[in-house]
Amino acid sequence: MNARIRILVAVFALFAVLVAPPCGRATAQGGKAEPARVRFPRGKTGTVLKGQLRADWQAEYAIVANQNQTMTFRLDDTPPGSLTLQVMDPDGADLPLTSDGKRQWHVALPKTGEYQFWVKRTSGKPGVSRYALAVTIR
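Following numbering that gives the first Met the number 0, the numbering of the sequence shown begins with 0 at its first residue and continues without gaps.
As structure tokens, this is what we get:
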């Protein structure tokens, strides 16, 4: 009977080690994903980013741009109005977006560096929002 118990304990311990989630990596990073790097196709000044978000999810992007350039966004979302956009400069300060009409904005870039922007759901309610975000820099 002692042999059976030892075998069961050994099997349980092996199972626990194999099934346990890896620790260290996610903990060291705080569980936060890196932003997706935006790159334009060669010779182009813009691209279209597509995705879908659930509940209170958000999509984070990063792009390098120069001082005095203008970044323009056009957001097509389904359902309409279910998403919003936030932009931060290289120092982490929020940049106010100027509306160019329905679901289109622009912002003059105050410095050279990496800008971050987020597509966010306006509601944490269940459901899915799909989007196509056109980003242009000139």
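Backbone N, C-alpha and C define an ideal beta-carbon position, used for all residues, glycine too.
- Per DSSP, K110 lies in no beta strand (DSSP E) segment and is marked neither H nor E.
- In the DSSP annotation of this structure, the continuous segment of the beta strand (DSSP E) that includes V127 starts and ends at V127 to I136.
- In this model, V127 and Q103 are separated by some 21 Å (Cα to Cα).
- Short of 7 Å from the beta carbon of R36, and not among the five residues preceding or following it, lie these beta carbons of its own chain, in chain order: A61.
- Fewer than three pairs of CB atoms, one per stretch, sit closer than 8 Å, so the segment 92 to 107 makes no contact with the segment 37 to 57.
- DSSP places K49 in the uninterrupted beta strand (DSSP E) bounded by G45 to R53.
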